[in-house]
Amino acid sequence: MTRFSTHSAYREENVIERLKRRTNDARTLGFQVRTEYLDGEQATWCMIGKQKTIFMDLSQTAAEQLRQLDESLAEYRSSLAASEKRPRQAA
């Protein structure tokens with residue numbers, strides 16, 4: 768039992784470190800990262816004014832927040848790729 772608990776705690780530390788690293792990556796990309804109770808709403812990114820913002824659900828585990836952050840960043844990169852493929856209109 769003790770061995771499992773130690774292994775589980777070690778794995779949780781790794782998730783927390785990855786979450787911190789990924790949060791810093793998002794900030795480097797210009798995001799404000801907000802953790803809030805989302806009350807069942809989908810964690811995602813959006814623009815608030817000119818500020819890119821990622822919302823993560825504070826009621827979730829670190830592993831789930833990491834998954835939410837990864838999904839939000841993937842969605843952002845996908846939207847960037849799609850906008851780059853669109854033909855530009857003359858001003």
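Following the working numbering, the numbering of the sequence shown begins with 768 at its first residue and continues without gaps. Backbone N, C-alpha and C define an ideal beta-carbon position, used for all residues, glycine too.
Neighbourhood of residue i by C-beta distance below 7 Å, restricted to the same chain and skipping five residues each side
i: residue 825; result: 802, 803, 804
i: residue 810; result: 822, 823, 824, 835, 839
Same chain, Cβ closer than 8 Å to residue i, five either side skipped, listed in chain order
i: residue 849; result: none
Assigned exposure category for residue i - 16 Cβ within 10 Å defines buried
i: residue 895; result: Since the first and last residues shown for the chain are 768 and 858, residue 895 lies out of range.
i: residue 841; result: exposed
i: residue 786; result: buried
Residue i beta carbon near the ligand SAM (any heavy atom closer than 7 Å)
i: residue 812; result: Looking for the ligand SAM in the displayed structure turns up nothing, as the structure carries no ligands at all.
First through last residue of the alpha helix (DSSP H) which encompasses residue i
i: residue 809; result: From DSSP, residue 809 is part of no alpha helix (DSSP H); its letter is neither H nor E.
i: residue 819; result: Run containing residue 819: none in the alpha helix (DSSP H); it sits in the beta strand (DSSP E), 818–824.
i: residue 832; result: 829–852
Close-in-space but distant-in-sequence residues of the same chain around residue i (CB under 6 Å, 5 per side omitted)
i: residue 812; result: 821, 839, 843
Query raised in the report: Okay, do the region 818–832 and the region 780–799 touch, 3+ Cβ pairs below 8 Å being the bar?
Result: Yes, the region 818–832 is in contact with the region 780–799.
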